[in-house]
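Numbering (my numbering), first residue to last: 2 to 199. Backbone N, C-alpha and C define an ideal beta-carbon position, used for all residues, glycine too. Note that the coordinates shown come from a computational prediction; the quantities given were computed from them, not determined experimentally. Below: one structure, written as structure tokens.
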Amino acid sequence: LSLLAFALAYNAQTSTRLVSAPEVEVVKFSWSKERLNWEQNPFTGPNENFHEMQFRARAEKRANDARRANSPDASKLEKDARTDAAIIQAERQKKGPPRYAFLYRTSVRNTSDRTIKEIDWDYVFLDAATEEELGRRQFTSVQTIGPGKSKELSFMLPAPPTQRISVYALDKKERIGFEEQVVIVRVKYSDGSVWQAP
Numbered sequence: 002l003s004l005l006a007f008a009l010a011y012n013a014q015t016s017t018r019l020v021s022a023p024e025v026e027v028v029k030f031s032w033s034k035e036r037l038n039w040e041q042n043p044f045t046g047p048n049e050n051f052h053e054m055q056f057r058a059r060a061e062k063r064a065n066d067a068r069r070a071n072s073p074d075a076s077k078l079e080k081d082a083r084t085d086a087a088i089i090q091a092e093r094q095k096k097g098p099p100r101y102a103f104l105y106r107t108s109v110r111n112t113s114d115r116t117i118k119e120i121d122w123d124y125v126f127l128d129a130a131t132e133e134e135l136g137r138r139q140f141t142s143v144q145t146i147g148p149g150k151s152k153e154l155s156f157m158l159p160a161p162p163t164q165r166i167s168v169y170a171l172d173k174k175e176r177i178g179f180e181e182q183v184v185i186v187r188v189k190y191s192d193g194s195v196w197q198a199p
């Protein structure tokens, strides 16, 4: 039985042939801040976040338990729960929903003689002075790119490149102070071979 398991493990390892170089050229890359249409916001989530929901559920349970036990504090607990809910709602409305989403894109050229069928790529943001990594967005693009061909890969996310970038306001100076690069992490070819960054 252990011999069979070894044979299966060996076959699984050898079925994916590793390639020594990615043979993919990053031609260009950019990101942009896109204003959201609030009425059709693709990133709209629930009205309350998980912690707010937990807080509300606990307050309701305490009020229900007090009511079942005919406690004189039942009406006070219900009133406190309603007050807390009103405060949370007011805070949420102050900030409002994010006004912007972020479009990350890169153009790549397949410099190999094989067809690419999948690419993992990272968009990396570095502090210009210290080279410290400030942010990294990781993507997997399932795209067919023939030998010698180029293709633009893009993703829209609600997450900004770094925490320095606001999702609520537009600031022309927010790009100052950091550098950007696109790193190819993994390439899967149609013949089953794979290149993986070390």
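Tell me whether residue i counts as near the ligand SAH, meaning its Cβ is closer than 7 Å to at least one heavy atom of that ligand.
{"i": "Lys62", "result": "Within the structure as shown, the ligand SAH is missing, as the structure has no ligands at all."}
Any idea what DSSP makes of residue i, helix, strand or coil?
{"i": "Ala67", "result": "helix"}
{"i": "Ile185", "result": "strand"}
{"i": "Val195", "result": "strand"}
{"i": "Glu79", "result": "helix"}
{"i": "Lys62", "result": "helix"}
{"i": "Asp172", "result": "coil"}
{"i": "Phe30", "result": "strand"}
{"i": "Thr141", "result": "strand"}
{"i": "Glu180", "result": "strand"}
Mind checking whether residue i and residue j have CB atoms under 8 Å apart?
{"i": "Glu175", "j": "Ser108", "result": "no"}
{"i": "Lys34", "j": "Tyr105", "result": "no"}
{"i": "Ile166", "j": "Pro23", "result": "no"}
{"i": "Val25", "j": "Thr141", "result": "no"}
{"i": "Glu61", "j": "Ala87", "result": "no"}
{"i": "Val188", "j": "Phe30", "result": "no"}
{"i": "Ala67", "j": "Phe103", "result": "no"}
{"i": "Glu79", "j": "Ala58", "result": "no"}
{"i": "Val27", "j": "Ser151", "result": "no"}
{"i": "Gly193", "j": "Thr163", "result": "no"}
Considering residue i, what are the terminal residues of the beta strand (DSSP E) in which it resides?
{"i": "Arg166", "result": "Per the sequence presented here, residue 166 reads as Ile, with Arg not at that position. Segment: none, Ile166 is in no beta strand (DSSP E) and carries neither H nor E."}
{"i": "Asp121", "result": "Ile117 to Asp128"}
{"i": "Thr107", "result": "Tyr101 to Asn111"}
{"i": "Lys152", "result": "Ser151 to Leu158"}
My assumption, with CB atoms under 8 Å, is that residue i sits in contact with residue j. Please give the rounded CB distance.
{"i": "Tyr124", "j": "Arg138", "result": "5 Å"}
Any contact of the segment 126-140 with the segment 176-186, i.e. 3+ C-beta pairs under 8 Å?
-> yes
Please confirm if the segment 110-122 is in contact with the segment 142-150, defined as three or more CB-CB distances below 8 Å between the two stretches.
-> yes
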